[in-house]
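Participant: Residue numbers (my numbering): 903 to 1249.
(1) Can you say whether residue 1037 is buried or exposed, counting buried as having 16 or more other CB atoms within 10 angstroms of its CB?
(2) Can you tell which of 1029, 1092, 1002, 1176 has the C-alpha that lies nearest to the C-alpha of residue 1076?
(3) So, is residue 1199 buried or exposed, given that buried needs 16 or more other C-beta atoms within 10 angstroms?
(4) Cα-Cα, which of 1049, 962, 1110 is closest to residue 1138?
(5) Would you call the stretch 1021 to 1035 and the stretch 1046 to 1060 in contact, with 3 or more CB pairs under 8 Å?
(6) Pull up the CB-CB distance for residue 1260 and residue 1006, whole angstroms please, since I reckon it's below 8 Å.
(7) Taking all protein chains shown into account, decide if residue 1179 is buried (16 or more other Cβ within 10 angstroms of its Cβ) or exposed.
(8) Less than 6 Å between C-beta atoms, sequence neighbours within five positions excluded: which residues of the same chain meet that for residue 962?
(9) Restricting to Cα atoms, I'd like to know which of 960, 1034, 985, 987 is closest to residue 993.
(10) Report buried or exposed for residue 995, applying the criterion of at least 16 other Cβ atoms within 10 angstroms of its Cβ.
(11) What is the DSSP secondary structure of residue 964, counted as helix, strand or coil?
(12) Starting from residue 1072, trace the alpha helix (DSSP H) both ways and give me its first and last residue.
(13) I need the straight-line Cα distance from residue 1084 to residue 1131, nearest angstrom please.
(14) Please classify residue 1189 as buried or exposed, where buried requires at least 16 neighbouring CB atoms within 10 angstroms.
(15) Per DSSP, residue 1064 is paired with what?
(16) Given that a residue counts as buried once 16 or more other Cβ atoms are within 10 Å of its Cβ, and exposed if not, what is residue 1098?
(17) Please look up how many angstroms separate the CB atoms of residue 1094 and residue 1080, rounded, as I've assumed it's under 8 Å.
(18) Let's test the definition: count the other Cβ atoms within 10 Å of the Cβ of residue 982 and tell me whether it reaches 16, buried, or not, exposed.
(19) Using beta-carbon positions only, say whether residue 1220 and residue 1197 come within less than 8 Å of one another.
(20) Excluding the 5 residues flanking residue 930 on each side, which residues of the same chain have their C-beta closer than 8 Å to its C-beta?
(21) So, using beta-carbon positions, are residue 1106 and residue 1161 closer together than 8 Å?
(22) According to DSSP, simplified to helix, strand and coil, what is residue 973?
(23) When you compare each of 1096, 1071, 1104, 1013 to residue 1089 by their alpha carbons, which one comes out closest?
(24) Helix or strand or just coil, what does DSSP make of residue 1230?
(25) Beta-carbon separation of residue 1175 and residue 1165 under 8 Å?
(26) With a threshold of 16 other CB atoms inside 10 Å of the CB of residue 1146, please say whether the residue is buried or exposed.
(27) When you compare each of 1193, 1212, 1143, 1092 to residue 1170 by their alpha carbons, which one comes out closest?
(28) Between 1120, 1108, 1104, 1086, which has its C-alpha nearest residue 1092's C-alpha?
(29) If you follow the alpha helix (DSSP H) that residue 1190 is part of, which residue opens it and which one closes it?
(30) Out of 1121, 988, 1207, which has the shortest C-alpha to C-alpha gap to residue 958?
(31) Just confirm the distance between the C-beta atoms of residue 1173 and residue 1202, as a whole number of angstroms; I'd bet it's less than 8 Å.
(32) Could you compute how far the alpha carbon of residue 1206 sits from the alpha carbon of residue 1167?
(33) Please state whether DSSP places residue 1129 in a helix, a strand or coil.
(34) Does DSSP classify residue 1169 as helix, strand or coil?
(35) How many Å lie between residue 1000 and residue 1069 at the Cα?
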């Protein structure tokens, strides 16, 4: 059973020093958090040094109530957590809040050849797998440290209505698997790095004010958008950066026939190739995929030499790339957007 906030504070015996009007950091966090996340009832603390309720993130998740009626929040103290973490489908409405994005680190090192499950091995290489819907993460580093050894996923998301804020996703090939047909994901103010196809999958995903960092010459996105999905991957107000010596990067290529990717209001470095997009040696996908750009800046944003089958959005078309429209996924905007935001924290 997950303890309520009151008993958690009592058990941890955090003191108030009235003479100095001083509180511990965690007491302040608990007070602020309970005010900010209005739907939150319970909280547990993970600390690698043993000062919390659990020393492992997976143990804390396993202790959570299945299909809760209110959001459950796990606060994770700074530390490196060497574990492969899974949030099952029955652990919906779960929040993982790190103490700081740079120092609260979930780390593992699986990769394709180690898993040895033939062609499906990639999907088992994750460091963090999120299957539960209405998931929220903030201030975390999620990394796969296998190195340049092939497919090695850091974050794999299958749940619907999942939000990641101020998180760092680190890896090489296939860093972020935004999976789940007809699922919706939101990445706000995140750092995402990788080499080949390091943002890939079938989800409808928005990346807002993120840094997208290429570590080698390759491809940023590999979308497998389902046929009929109007948006796919959307990058809004992002910065595209690269490591030293990286100067030949494509914005993306179609993993499946109906891939959809759009970059709007982004700053693109000189590492982005003039052609912009690649067809994955499948000319047929030039007719069925949709790769678009609008009002981007920087030396890599010049569309004069883009492949002829890519798209420059009109002002009217760009106006449809709003969060309510994107996350509606073609359904009535009002009801779908209300559903999308229903369980999200207020901040």
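From the three backbone atoms N, C-alpha and C, an ideal C-beta is built for every residue, glycine too.
Facilitator: In short:
(1) Here residue 1037 refers to the residue found at position 135 when the chain shown is read from its first residue. Counting of Cβ neighbours within 10 angstroms places residue 1037 among the buried residues, the total reaching 16 or more.
(2) On the chain shown, position 174 is the one that residue 1076 refers to. Nearest C-alpha to residue 1076: 1029.
(3) Stepping through the chain shown from its first residue, residue 1199 is reached at position 297. Per the 10 Å Cβ criterion, exposed.
(4) Mapped onto the chain shown, residue 1138 falls at position 236. Ranking 1049, 962, 1110 by CA distance to the CA of residue 1138 puts 1110 first.
(5) Between the stretch 1021 to 1035 and the stretch 1046 to 1060, the count of C-beta pairs closer than 8 Å reaches three or more; the two stretches touch.
(6) The structure shown does not extend to residue 1260, since the chain spans only 903 to 1249, so no value can be given for it.
(7) Counting from one through the chain shown, the residue named residue 1179 turns up at place 277. The residue in question, residue 1179, is buried, as its Cβ has 16 or more Cβ neighbours within 10 Å.
(8) What you label residue 962 is simply residue 60 of the chain shown in a count that begins at 1. These residues qualify, in order along the chain: 946, 948, 956, 976.
(9) Translated into the one-based positions of the chain shown, residue 993 becomes position 91. Looking at the Cα atoms, 1034 is the closest of the given residues.
(10) The residue you call residue 995 lines up with position 93 of the chain shown. By the neighbour-count definition (other C-beta atoms within 10 Å, threshold 16), residue 995 is a buried residue.
(11) As a working mapping, residue 964 is identified with position 62 in the chain shown. Three-state result, residue 964: helix.
(12) In the chain shown, counting from the first residue as 1, residue 1072 sits at position 170. Segment 1070 to 1072 is the beta strand (DSSP E) holding residue 1072; no alpha helix (DSSP H) there.
(13) For the purposes of this step, residue 1084 is identified with residue 182 of the chain shown, where counting begins at 1. For the purposes of this step, residue 1131 is identified with residue 229 of the chain shown, where counting begins at 1. When only Cα atoms are considered, residue 1084 and residue 1131 end up about 8 Å apart.
(14) The count along the chain shown starts at 1 and reaches residue 1189 at position 287. By the 10 Å Cβ count, residue 1189 comes out exposed.
(15) In the chain shown, counting from the first residue as 1, residue 1064 sits at position 162. Beta-bridge pairing links residue 1064 to 1087.
(16) As a working note, residue 1098 is residue 196 in the chain shown. The residue is buried, with at least 16 neighbouring Cβ atoms inside 10 Å.
(17) The residue you call residue 1094 lines up with position 192 of the chain shown. The residue you call residue 1080 lines up with position 178 of the chain shown. In fact, because the Cβ distance is near 10 Å, the residues do not count as touching under 8 Å.
(18) Along the chain shown, read from residue 1 onward, the residue named residue 982 stands at position 80. Exposed, since its Cβ has fewer than 16 Cβ neighbours within 10 Å.
(19) The count along the chain shown starts at 1 and reaches residue 1220 at position 318. The count along the chain shown starts at 1 and reaches residue 1197 at position 295. Yes, they are a contact pair.
(20) The residue labelled residue 930 in the question sits at position 28 within the chain shown. In this predicted model, residue 930 has a pLDDT of only 35, less than 50, meaning its place in the structure is not dependable; the value taken from the coordinates is given anyway. Nothing listed; no residue qualifies.
(21) Your numbering for residue 1106 matches position 204 in the chain shown. Your numbering for residue 1161 matches position 259 in the chain shown. Cβ distance not < 8 Å, so residue 1106 and residue 1161 don't count as in contact.
(22) As a working note, residue 973 is residue 71 in the chain shown. Residue state, collapsed to three classes: strand.
(23) Looking up residue 1089 in the chain shown gives position 187. Ranking the options by Cα distance to residue 1089, first place goes to 1071.
(24) For this step, residue 1230 is matched to residue 328 along the chain shown. Here DSSP, grouped into helix, strand and coil, assigns residue 1230 to helix.
(25) The residue given as residue 1175 occupies position 273 in the chain shown. The residue given as residue 1165 occupies position 263 in the chain shown. Taking the C-beta atoms as reference points, residue 1165 is found no nearer than 8 Å to residue 1175.
(26) As a working note, residue 1146 is residue 244 in the chain shown. Exposed, because fewer than 16 other Cβ atoms sit within 10 Å of the Cβ of residue 1146.
(27) Reading the chain shown from its first residue, position 268 is the one you call residue 1170. Relative to residue 1170, the option among 1193, 1212, 1143, 1092 whose CA is nearest is 1143.
(28) Within the chain shown, residue 1092 is the residue found at index 190, counting from 1. Nearest C-alpha to residue 1092 among 1120, 1108, 1104, 1086: 1108.
(29) The residue labelled residue 1190 in the question sits at position 288 within the chain shown. First-last of the alpha helix (DSSP H) with residue 1190: 1187 to 1190.
(30) Your numbering for residue 958 matches position 56 in the chain shown. Ranking the options by Cα distance to residue 958, first place goes to 988.
(31) The residue labelled residue 1173 in the question sits at position 271 within the chain shown. The residue labelled residue 1202 in the question sits at position 300 within the chain shown. Contact between residue 1173 and residue 1202 holds, since their C-beta atoms are separated by about 6 Å, short of 8 Å.
(32) Start at 1 with the first residue of the chain shown, and residue 1206 comes out as number 304. Start at 1 with the first residue of the chain shown, and residue 1167 comes out as number 265. Computed Cα separation, rounded: 17 Å.
(33) In the chain shown, residue 1129 corresponds to position 227, counting from 1. Looking at residue 1129 - three-state DSSP - the assignment turns out to be coil, as it is neither helix nor strand.
(34) The count along the chain shown starts at 1 and reaches residue 1169 at position 267. DSSP, reduced to helix, strand and coil, places residue 1169 within a strand of the structure shown.
(35) If you number the chain shown from 1, residue 1000 lands on position 98. If you number the chain shown from 1, residue 1069 lands on position 167. For residue 1000 and residue 1069, the gap between their C-alpha atoms comes out near 9 Å.
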